[in-house]
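Trainee: The structure's right below; bear with me while I get my questions together.
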Amino acid sequence: MTRTVPVPHGLPTERDASPFDPPSQVSRLREAHPVSPIVFPDGHEGWIVTGYDAVRRLMSDTRFSSRQDIGIQHTLEDIPGMAAPTEPSPQIPGMFIAMDPPDHTRLRRKLTGTFTVKRMKQLEEHIIDIVERQLDEMARLTPPVDLVKEFALPVPSLVICELLGVPYADRETFQVNSAKFMLKDQPLDEKMAAYGAMMTYLAELVTRKRAEPGDDILSDLARDDDLAIDELTGIAFLLLLAGHETTANMLALGTFALLEHPEQLAELRADSDLVPGAVEELLRYLSVADIFYRYATEDIELGGETIGKGSTVVVSLLAANHDPKRFDNPDTLDIHREAGGRVAFGHGIHTCLGQQLARIEMRAGFAGMLRRFPSLELAIPAGEVRLRTDMNIYGVHELPVTWTDEKP
Numbered sequence: 001m002t003r004t005v006p007v008p009h010g011l012p013t014e015r016d017a018s019p020f021d022p023p024s025q026v027s028r029l030r031e032a033h034p035v036s037p038i039v040f041p042d043g044h045e046g047w048i049v050t051g052y053d054a055v056r057r058l059m060s061d062t063r064f065s066s067r068q069d070i071g072i073q074h075t076l077e078d079i080p081g082m083a084a085p086t087e088p089s090p091q092i093p094g095m096f097i098a099m100d101p102p103d104h105t106r107l108r109r110k111l112t113g114t115f116t117v118k119r120m121k122q123l124e125e126h127i128i129d130i131v132e133r134q135l136d137e138m139a140r141l142t143p144p145v146d147l148v149k150e151f152a153l154p155v156p157s158l159v160i161c162e163l164l165g166v167p168y169a170d171r172e173t174f175q176v177n178s179a180k181f182m183l184k185d186q187p188l189d190e191k192m193a194a195y196g197a198m199m200t201y202l203a204e205l206v207t208r209k210r211a212e213p214g215d216d217i218l219s220d221l222a223r224d225d226d227l228a229i230d231e232l233t234g235i236a237f238l239l240l241l242a243g244h245e246t247t248a249n250m251l252a253l254g255t256f257a258l259l260e261h262p263e264q265l266a267e268l269r270a271d272s273d274l275v276p277g278a279v280e281e282l283l284r285y286l287s288v289a290d291i292f293y294r295y296a297t298e299d300i301e302l303g304g305e306t307i308g309k310g311s312t313v314v315v316s317l318l319a320a321n322h323d324p325k326r327f328d329n330p331d332t333l334d335i336h337r338e339a340g341g342r343v344a345f346g347h348g349i350h351t352c353l354g355q356q357l358a359r360i361e362m363r364a365g366f367a368g369m370l371r372r373f374p375s376l377e378l379a380i381p382a383g384e385v386r387l388r389t390d391m392n393i394y395g396v397h398e399l400p401v402t403w404t405d406e407k408p
């Protein structure tokens with residue numbers, strides 16, 4: 001196949017067009033070759049998949065493994081959360097996001113009843129109460145304030161701590177350590193120290209819950225003798241990290257995007273019934289959890305290419321969600337868009353387990369914030385907002401905002 005674009009060395013990450021669009025090099029790759037070779041910094045070759053159809057096919061094909069202990073390994077700087085040359089990474093007990101069936105199936109089944117749509121709907125009123133209390137706290141402050149610190153991060157942290165049975169008083173410690181773990185260029189020893197601190201804390205927590213269970217998800221899991229303490233710890237780590245990092249960044253980056261699209265923001269403020277659809281569009285448009293890795297367990301044909309056994313494959317959900325072959329004017333935020341099939345929560349057996357919880361939090365968060373702060377606006381120029389290009393979950397580090405006429 002003749003190639004009209006150069007093979008990239010490393011992952012293209014520079015968002016040169018807009019803070020909300022894929023890197024232009026990724027978009028060019030998708031238009032020319034949705035399945036394209038890539039050269040990793042350590043010199044070995046792999047693949048990057050950017051087209052919508054190819055991404056869906058790959059993520060539903062279990063021959064593409066999620067295990068990081070097989071195949072040709074890339075350097076840690078290429079893996080979300082890592083940063084140095086490495087040998088194949090051993091599997092971490094309980095970390096089912098990096099497992100294949102039957103191990104993945106066994107652990108995920110332990111949680112499917114917990115995160116059903118029905119059970120999440122039962123929690124909706126309580127989540128709305130948490131949102132409203134946090135908005136009360138924010139309204140008492142004198143603007144400008146950092147929306148990340150005062151709203152976007154506390155809401156999902158409060159929710160996931162309560163659901164899991166993690167003391168909210170410990171939130172600062174795990175938030176600092178999770179931020180260090182998610183930093184792309186963090187020295188390996190500091191990254192592993194943060195990871196070790198979180199795992200030590202959670203191991204002690206689940207051990208206590210096994211001895212004296214309460215009314216929370218981790219206690220329910222701790223009652224299951226089929227799960228060892230190290231598996232409980234790994235599950236707790238995954239749920240705690242995913243439960244606040246992604247939703248917090250969607251709330252903050254989503255607010256930034258809406259403030260940069262004032263006509264659509266005005267429509268949302270005028271009609272709260274538009275919020276659920278807007279959440280779905282923001283999920284597609286922003287795709288804060290973008291890059292995932294898979295490993296071919298045999299030679300596999302995908303998008304007209306043969307992915308060799310053992311190859312490392314990079315999957316870009318952001319590129320897929322901006323594919324013009326699937327979505328009209330994909331780089332445009334359109335809160336009225338009705339096209340389904342977004343892959344913001346992944347696809348296949350690893351589709352995000354907590355997606356319904358995240359949707360409820362975002363619907364409550366955006367609806368409450370727009371109602372309570374109708375004059376909300378950026379307190380700094382948009383170009384000065386610090387983007388999380390250095391993190392493995394995209395978003396903003398801070399979002400200084402102000403308002404004029406709200407009352408506590």
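Each residue of the sequence shown is one higher than the one before, starting from 1 at the first, in my numbering.
Note that beta-carbon positions come from the ideal geometry of N, C-alpha and C, so glycine has one too.
Small disclaimer: the values here were computed from a predicted structure and weren't measured.
1) From Ala248, Ala320 and Ser311, pick the residue whose C-alpha is nearest to that of Ala344; which is it?
2) Bridge partners of Pro400, per DSSP?
3) Decide if the segment 280 to 298 is in contact with the segment 29 to 36; the criterion is three or more beta carbon pairs, one per stretch, under 8 Å apart.
4) Looking at the structure shown, is Thr207 part of a helix, part of a strand, or coil, going by DSSP?
5) Across which residues does DSSP place Arg56 in a beta bridge pair?
6) On a Cα-Cα basis, can you pick out the residue from Asp323, Thr332 and Ala54 that is closest to Arg28?
7) Keeping to the same chain, check which residues put their C-beta closer than 6 Å to that of Glu14; ignore five residues upstream and five downstream.
8) What are the boundary residues of the beta strand (DSSP E) that includes Glu301?
9) Below 9 Å between beta carbons: does that hold for Gly254 and Met362?
10) Would you tell me roughly how many angstroms separate the C-alpha atoms of Leu399 and Pro154, rounded to the nearest one?
11) What residues are listed by DSSP as bridge partners for Val35?
12) Just curious, the beta strand (DSSP E) that Ala296 is in, first and last residue?
13) Do you know offhand how far Ile360's Cα is from Ile127's?
14) By Cβ distance, which residues of its chain are closer than 7 Å to Val131, with the 5 residues on each side in sequence left out?
15) Quick check: the Cα distance between Gln122 and Leu239, rounded to an integer number of angstroms?
16) Please work out which residues of its chain come closer than 6 Å, Cβ to Cβ, to Glu305, disregarding the five sequence neighbours upstream and downstream, and give them in chain order.
17) What's the gap between the Cα of Leu111 and the Cα of Pro19?
18) So, with DSSP's three-state summary, where would you put Phe130?
19) For Asp215, which of Pro381, Cys161 and Gly243 has the nearest alpha-carbon?
20) From the DSSP output, read off the bridge partner residues of Glu245.
21) Just confirm the distance between the C-beta atoms of Leu268 and Leu259, as a whole number of angstroms; I'd bet it's less than 8 Å.
22) In the structure shown, what three-state DSSP assignment does Ile307 receive?
23) Hey, could you find the ends of the beta strand (DSSP E) Ser219 is sitting in?
24) Please state whether the Cβ-Cβ distance between Gly51 and Gly348 is less than 9 Å.
25) Take Ile92 as the anchor and find which of Glu125, Gly234, Ser375 and Leu378 has the nearest alpha-carbon.
26) Residues in the same chain with beta-carbon distance under 6 Å from Trp403, minus the five sequence neighbours each way, listed in chain order, please.
27) Based on Cα-Cα distance, which residue from Val26, Arg63, Glu280 and Gln25 lies nearest to Asp299?
28) Are the Cβ atoms of Ala152 and Ala252 separated by less than 9 Å?
29) Which residues in the same chain have their Cβ closer than 6 Å to the Cβ of Leu317, if we skip the five residues on either side of it in sequence?
30) Let's see if you can read the secondary structure: which residues bound the beta strand (DSSP E) around Val314?
31) On the CB-based measure, 16 or more other CB atoms within 10 Å of its CB, does Lys118 come out buried or exposed?
32) In terms of DSSP beta bridges, what is Ser272 paired with?
33) Helix, strand or coil, according to DSSP, for Met95 in the structure here?
34) If you compare alpha carbons, which of Asp189, Leu227, Ala194 and Ala193 is closest to Thr207?
35) Rounded to whole angstroms, what's the CA-CA distance from Leu265 to Leu333? Just pull it up for me.
36) Give the straight-line distance between the Cα atoms of His336 and Ile217, rounded to the nearest whole angstrom.
Mentor: A quick look at the data gives this:
1) Measuring from the Cα of Ala344, the nearest candidate turns out to be Ala320.
2) Its beta-bridge partners are Asp146.
3) The segment 280 to 298 makes no contact with the segment 29 to 36: fewer than 3 CB pairs, one atom from each, lie closer than 8 Å.
4) Correct three-state label for Thr207: helix.
5) Residue pairing by DSSP leaves Arg56 without any beta bridge partner.
6) Looking at the Cα atoms, Asp323 is the closest of the given residues.
7) Spatial neighbours of Glu14 in its own chain (CB-CB distance under 6 Å, excluding positions within 5 residues in sequence) are listed in chain order as Pro23.
8) Ile300 to Leu302 is the extent of the beta strand (DSSP E) around Glu301.
9) Yes.
10) Approximately 14 Å, taken between the alpha carbons.
11) BP columns for Val35 point to Val49.
12) It spans Ile291 to Ala296 - the beta strand (DSSP E) in which Ala296 sits, taken as one unbroken run.
13) Cα to Cα, Ile360 sits roughly 8 Å from Ile127.
14) Val155, Ala364, Gly365 and Gly368, listed in sequence order.
15) Straight-line spacing of the CA atoms in Gln122 and Leu239 works out to 20 Å.
16) Correct list, in chain order: Val35.
17) Taking the straight line from one Cα to the other gives about 35 Å.
18) Sequence check: residue 130 is Ile here, not Phe. Of the three classes helix, strand and coil, the one that applies to Ile130 here is helix, per DSSP.
19) With distances taken between Cα atoms, Asp215 lies closest to Cys161.
20) According to DSSP, Glu245 shares a beta bridge with no other residue.
21) Not really, about 11 Å apart at Cβ, beyond 8 Å.
22) In the displayed model, Ile307 falls within a strand according to three-state DSSP.
23) Careful: Ser219 lies outside any beta strand (DSSP E), inside the alpha helix (DSSP H) at Ile217 to Ala222.
24) It is not a contact, given that the beta carbons lie outside the stated cut-off.
25) Considering only alpha carbons, the answer is Gly234.
26) Hits under 6 Å: Pro143, Phe373, Ser375 and Leu376.
27) Out of Val26, Arg63, Glu280 and Gln25, Arg63 has the C-alpha closest to the C-alpha of Asp299.
28) Against a cut-off of 9 Å, the Cβ pair of Ala252 and Ala152 comes out as a contact.
29) Within its own chain, the residues whose Cβ lies closer than 6 Å to the Cβ of Leu317, once the five positions on either side in sequence are excluded, are Ser287, Asp290 and Val343, listed in chain order.
30) Looking at the DSSP string, the run of the beta strand (DSSP E) that includes Val314 is Thr312 to Ser316.
31) The residue is exposed, with fewer than 16 neighbouring Cβ atoms inside 10 Å.
32) None, per the DSSP bridge assignment.
33) In the structure shown, the three-state DSSP call for Met95 is coil.
34) The candidate whose alpha carbon is nearest that of Thr207 is Leu227.
35) So the two alpha carbons sit approximately 11 Å from each other.
36) About 36 Å.
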